[in-house]
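Chains A and B, in that order, give the protein sequences.
Just so we're aligned: 92 in numbering that gives the first Met the number 0 is position 93 of the first sequence, and the numbers increase by one with no gaps anywhere.
Just so we're aligned: 105 in numbering that gives the first Met the number 0 is position 106 of the second sequence, and the numbers increase by one with no gaps anywhere.
All C-beta atoms in this analysis are idealised placements derived from N, C-alpha and C, irrespective of residue type, glycine included.
These numbers come from a predicted model, not from an experiment.
Here the structure comes first, spelled out in structure tokens, and everything after it is commentary.
Number of protein chains: 2
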Amino acid sequence: MSELRWDPLKLHWVIIATERGRRPRDFQVEPETGEVTSCPFCYGNEDKTPGEIFAIRPAGPPNSPNWRVRVIPNKYPALRIEGGLDSRGYGLYDVMNGIGAHEVIVETPDHHREMADLTPAEITDVLVAYRTRFLDLRRDMRFRYMVLFKNHGSRAGATLAHAHSQLIAVPLTPPVAATELKICREYYANKERCIVCDLIAFELASGDRVVREFTNFVILTPYASCFPFELRLYPKRHAHDFAQLDDAQLAELAVALKEMLLRLKTVLKDPPFNFILHTAPPQQQRLGKPEYWSSIEYDYHWHIELVPRLTQIAGFEWGTGFYINPTSPEDAAAFLREAEI
Amino acid sequence: MSELRWDPLKLHWVIIATERGRRPRDFQVEPETGEVTSCPFCYGNEDKTPGEIFAIRPAGPPNSPNWRVRVIPNKYPALRIEGGLDSRGYGLYDVMNGIGAHEVIVETPDHHREMADLTPAEITDVLVAYRTRFLDLRRDMRFRYMVLFKNHGSRAGATLAHAHSQLIAVPLTPPVAATELKICREYYANKERCIVCDLIAFELASGDRVVREFTNFVILTPYASCFPFELRLYPKRHAHDFAQLDDAQLAELAVALKEMLLRLKTVLKDPPFNFILHTAPPQQQRLGKPEYWSSIEYDYHWHIELVPRLTQIAGFEWGTGFYINPTSPEDAAAFLREAEI
């Protein structure tokens, strides 16, 4: 069982997941190259993964081939679904059991296609899988937040090359989400407007950081980007919850997401990246911390944040929380806008 | 001139340092290997760097060879010393000029020795250079904080292989420091004790996470370590300010620092790492934000934090602020304690 440990000096929780079993020599090993013959995410290797949780497949039984998207439990989960939190003190510290869910969404059966190469219809399938899993995990009252993210490339933390994303449900609101929720709530309390809607209006009027505008979505480089070619994909009309999108909206989002990934791949020659889906926490969990939820439908604006991993997070960044970005967001937006895809 | 930009959604400042000049193709390039012939930090190449700010050399004029430690301005500074902040608003954002100092401490003239290989006397020279620069930069009232850090290895962000550390003076208290200062102050306000002194007492009594104890220093793995083999080096007796250490104390610290680096190098086969010196901000700057300073001599405890860069910061970490650590701090401490150095 992994542990969640609290640092009273840093004010953060850390997941100590020793079942992933790293001894000193393990860190000498390079990331797996993901040879097709042994890749557990490939067609025909369905028995090499834990049993599937969800799949989109035209016909056939679970865990058989012939699927388009497949969701499985992570074989080496950071958090486990069984048990109680058992939160307790330990000296000046705090500790609780590592309870949560850790799932993998395999985006395509084809080992050689990454998400940017999929058709909008295929990406829509992936988004449907995301939505399905969000809605299902929300029924578990122990989970305060769900984090949907994708690591692409070994420098971005991917240990398998086959295209996949991950969904982790955590028993606490993470610090990044807590800050975002607080900012949105306070801005709304003062102005009765969504801060993200205001930012989008400002950015569309300026145009300097707009990469691409669609009818219902916009791709921007953030004004205070921490990293070169950082990107955000926003729905233009206010909406707090990704999981409430209907199929037609997911299909539109798939077009925008593909374009974001393809422009990045073209300009930077397939860079490593992470993207994270930021969406409102589940309705049911509102009971826990009422101060978060009074106006969330109006104050929170779901979106996708993408961070290419071109530069290292070094001593200065880790030691201060300040980031040094050598590429201006305006230049990055221009390069991405002008790319021929 | 670089810019400091404020993100009103993330509540952080970012340094946009475009003079470092990164266009898309620049990110294809691998880090420099630091060939000896062209290394600007080597003996005889003193004219390849900006003029030195400080050096320890037995005899001879500035910028001549025959030095032991040399401090120079960074050739590609993230922040520049000349000018005013000119803080101003821009839409929902804020921006100010990138004012600060960015110096490089070359730790040895020998290209092939890293800090762990230096003698305690040579490391003492490096620490004397750190102290000298801290005390000098504190005279500039524009700087709120100084960050002394070392990036070792390209995966830890080092662009030159030759052993060096960096000192950046910033015109704002960084978020990591602000949190640490606040925690220490609040704990002291409640208990009239230093939180770090209390943690050290708990850790010495437990022993589980102690790597090595000296007369006046102790090396620990933090209970809630974010990364495998994370380390902290603390003075056992309360002291808030590294820059007030005398020569004898620096010589004792050099012995402890060398041992920390050497144990890490031995167990993990010369891993990439960052270390950051956490010390109290300068006395003069107390005027700016009085709430930070009322009890800092009693509540703040200087120390060194070291983070090996064995695992990637991936989508989950970036998207949540939670870290997943696959090696327990107790196991890491045992491996480091038992290493034969």
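- Between residue 301 (chain A) and residue 221 (chain A), the beta carbon gap of about 16 angstroms keeps them out of contact (Cβ cut-off 8 angstroms).
- In the structure shown, the three-state DSSP call for residue 330 (chain B) is helix.
- Cβ neighbours of residue 334 (chain B) within its own chain (closer than 6 angstroms, five residues either side excluded): 266.
- As computed with DSSP, residue 14 (chain B) is found in a beta bridge with A:323 and B:3.
- Per DSSP, the unbroken beta strand (DSSP E) holding residue 233 (chain A) starts and ends at 230 to 234.
- Using a C-beta cut-off of 8 angstroms, the segment 262 to 278 of chain A makes contact with the segment 149 to 169 of chain A, since at least three inter-stretch Cβ pairs fall below that distance.
- Nearest CB-CB separation between residue 273 (chain A) and chain B: below the 7 angstroms threshold.
- In this structure residue 224 (chain A) is in contact with residue 13 (chain B), their Cβ atoms being roughly 7 angstroms apart against a cut-off of 8 angstroms.
- The beta carbons of residue 101 (chain B) and residue 65 (chain B) sit about 26 angstroms from each other, so the pair does not count as a contact at 8 angstroms.
- Neighbours of residue 327 (chain B) across chain A, judged by C-beta separation under 7 angstroms: 15 and 17.
- Put simply, the CB of residue 209 (chain A) is far from chain B, with every gap to its CB atoms at 7 angstroms or more.
- Residue environment for residue 138 (chain A): exposed (fewer than 16 other C-beta atoms within 10 angstroms of its C-beta).
- Under the DSSP definition of a beta bridge, residue 100 (chain B) partners with B:168.
- Residue contact check for residue 6 (chain A) against chain B: a CB pair falls below 7 angstroms.
- With contacts defined by Cβ atoms closer than 7 angstroms, residue 98 (chain B) and residue 84 (chain B) form a contacting pair.
- At least one CB atom of chain B sits nearer than 7 angstroms to the CB of residue 167 (chain A).
- The beta-bridge partner set that DSSP reports for residue 303 (chain A) consists of A:232 and A:276.
- Sequence-ordered contacts of the segment 103 to 122 of chain B with chain A are nonexistent [C-beta pairs closer than 9 angstroms].
- C-alpha of residue 203 (chain A) to C-alpha of residue 193 (chain A): approximately 16 angstroms in a straight line.
- Closest by C-alpha distance to residue 91 (chain A), out of A:69, A:171 and A:10, is A:10.
- By the Cβ-count criterion, residue 277 (chain A) is buried, with 16 or more other Cβ atoms from all chains shown falling within 10 Å of its own Cβ.
- For residue 145 (chain B), the uninterrupted beta strand (DSSP E) run begins and ends at 144 to 151, by DSSP.
- Less than 7 angstroms separates the beta-carbon of residue 144 (chain B) from that of residue 173 (chain B).
- Excluding five sequence positions before and after residue 213 (chain A), the CB atoms of its chain that fall closer than 6 angstroms to its own CB belong to 255, given in chain order.
- Every beta strand (DSSP E) stretch that sits fully inside the segment 37 to 86 of chain B and reaches 3 residues is listed by chain position as 53 to 55 and 68 to 72.
- Residue state for residue 218 (chain B) is assigned as strand, using DSSP reduced to three classes.
- Residue 251 (chain B): member of the alpha helix (DSSP H) spanning 246 to 267, first to last residue.
- The DSSP-derived three-state label of residue 206 (chain B) is coil.
- Under the criterion of beta carbons closer than 8 angstroms, residue 326 (chain B) and residue 228 (chain B) qualify as touching, at roughly 7 angstroms.
- Around the beta carbon of residue 134 (chain A), fewer than 16 other beta carbons sit within 10 angstroms, so the residue counts as exposed.
- In the DSSP assignment, residue 177 (chain B) falls within the unbroken alpha helix (DSSP H) covering 174 to 190.
- Of all residues in the segment 187 to 205 of chain A, the ones placed with a Cβ closer than 8 angstroms to any Cβ belonging to chain B are 194, 195, 197, 198, 201 and 205, in chain order.
- At a Cβ-Cβ threshold of 7 angstroms, residue 312 (chain A) and residue 259 (chain A) do not count as neighbours.
- Along the segment 313 to 326 of chain B, the positions whose C-beta sits under 7 angstroms from a C-beta of chain A are 313, 314, 315, 317, 318, 319, 320, 321, 322, 323, 324, 325 and 326, read in chain order.
- Residue-level contact by beta carbon holds for residue 146 (chain B) and chain A, with a gap shorter than 7 angstroms.
- Excluding its 5 nearest sequence neighbours in each direction, residue 232 (chain A) has C-beta neighbours in its own chain below 7 angstroms: 216, 218, 255, 256, 259, 302 and 303, listed in chain order.
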